[in-house]
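Everything in the sequence shown is counted per the working numbering, starting at 18 for the first residue and increasing by one.
Accompanying notes for the structure given below.
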Amino acid sequence: MTEALAPTDMNLSKPCADVPKTHNGRDNDAGTVMSSMWYLERSPLYDTEKPYSMRYDPDDGVPQSNLQKVHRPIQVKSMREPGAGPFRLDECGFQLIQLHSSLKPDDFWDQERVQSVYIQEVKEALKKELGAKYVHVLDYAGNISIWKPIRGPLNDWPLGLCDGRTLDFEKDTVSSDVVFDDFVTENLQIYHNPAFEWYYLPDHNTWEALIFKSADSDPSAAVPGCCHSGFFNPKSDKSELRQSLDCRCFVFYADLDEYPPIVADVTQPHLKTL
């Protein structure tokens with residue numbers, strides 16, 4: 018079985034780590050946050066035309082995108098709230114793990130240090146936590162997917178994760194083309210459904226990493242993926258803007274003599290403050 022992680026796993030027999038309910042000796046229950054999010058509109062256009070977005074300016078008059086978005090209010094629950102969870106990947110599509118990096122915050126702006134030290138830490142953490150045989154980090158970027166703050170505790174534009182048990186992947190998602198000037202890939206667009214349950218981790222610290230599933234090669238998996246997005250947190254005091262790093266990973270559970278070769282990176286790694 019192979020999984021694409023944004024970052025994620027699917028170790029069905031192993032429960033995820035408990036989410037600490039306190040931080041720095043104080044109650045860390047931030048309760049429900051009211052915010053909003055953009056969704057793909059349920060338009061008849063997509064009955065005959067696949068959603069797409071070009072990540073460059075086309076020069077032939079073709080629209081850069083046909084995505085029709087709608088803005089909807091959401092409520093996002095705290096993962097630390099008493100009674101919340103446990104959050105298991107085989108049930109909801111995401112979980113919390115600990116990842117203590119030897120890098121200091123300023124080191125994350127050095128790509129050589131990130132690649133030689135942090136990427137190896139990510140691989141080892143995922144293999145240990147998930148019981149995987151092999152992990153390949155596809156790419157990394159300074160925003161959302163293993164997802165952890167560079168500086169913390171973080172509350173500015175946190176990561177929202179949709180409980181996969183509340184989402185119907187056949188009815189609530191649709192494949193979309195992401196077109197670059199030299200290659201094409203896919204992602205999933207999500208339609209709004211008031212049944213969705215969203216969660217986030219308040220006071221997200223630097224040693225706490227959220228792993229979540231992007232795809233799973235096992236057709237019998239209860240949750241094929243986890244919809245996710247950053248969102249505006251009205252409870253953030255804006256004392257420090259979000260700095261975070263995510264890695265998209267392939268996690269292999271088969272014990273092979275040789276794993277698929279790395280042909281090329283699909284994106285260039287970059288780091289930024291959002």
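Just so it is clear, CB atoms sit at the ideal spot from N, CA and C, and this is done for glycine as well.
Please read all numbers here as calculations on a predicted model, not as lab measurements.
Of all alpha-carbon atoms in A149, L178, G247, the one lying nearest the alpha-carbon of L273 is that of A149. Secondary structure in the stretch 164 to 205: the beta strand (DSSP E) runs of 3 residues or longer, each lying completely within the stretch, are 164 to 166, 176 to 179, 190 to 196 in chain order. Taking C-beta atoms under 8 Å as the contact rule, R168 and E225 fail to qualify, at a distance of about 13 Å. Residue state for K94 is assigned as strand, using DSSP reduced to three classes. The residues I207, Y208, N210, in chain order, have a CB closer than 7 Å to that of D189 in the same chain once the five nearest residues on each side in sequence are set aside. Taking C-beta atoms as the reference points, K252 and L106 fail to come closer than 8 Å. Secondary structure at A232: strand, using DSSP grouped into helix, strand and coil.
Rounded to whole angstroms, the gap between the alpha carbons of E275 and G110 is 28 Å. For L120, there is no enclosing beta strand (DSSP E), since its DSSP letter is neither H nor E. As the crow flies, the alpha-carbon of Q260 is around 16 Å from that of G177. In terms of Cβ geometry, L116 and K86 do not form a close pair [threshold 8 Å]. Where V152 is concerned, the enclosing beta strand (DSSP E) starts and stops at 151 to 158. Taking every protein chain shown into account, the CB of F249 has fewer than 16 other CB atoms within 10 angstroms, so this residue is exposed.
Per the Cβ contact rule, the stretch 184 to 204 is in contact with the stretch 70 to 86 (3 or more Cβ pairs under 8 Å). Beyond the five residues adjoining it in sequence on each side, P90 comes within less than 6 Å, by CB distance, of S53 in the same chain, given in chain order. DSSP places F111 in the strand class (E or B) of the three-state scheme. The DSSP-derived three-state label of L84 is coil. Counting along the chain, the unbroken alpha helix (DSSP H) around V139 starts and ends at 136 to 147. Annotation for R59: Y208 place their beta carbon closer than 7 Å to its own, counting only its chain and skipping 5 residues before and after. In this structure, K255 is the residue among K255, P236, P75 with its C-alpha nearest to the C-alpha of W174. Rounded to whole angstroms, the gap between the alpha carbons of P241 and D185 is 10 Å.
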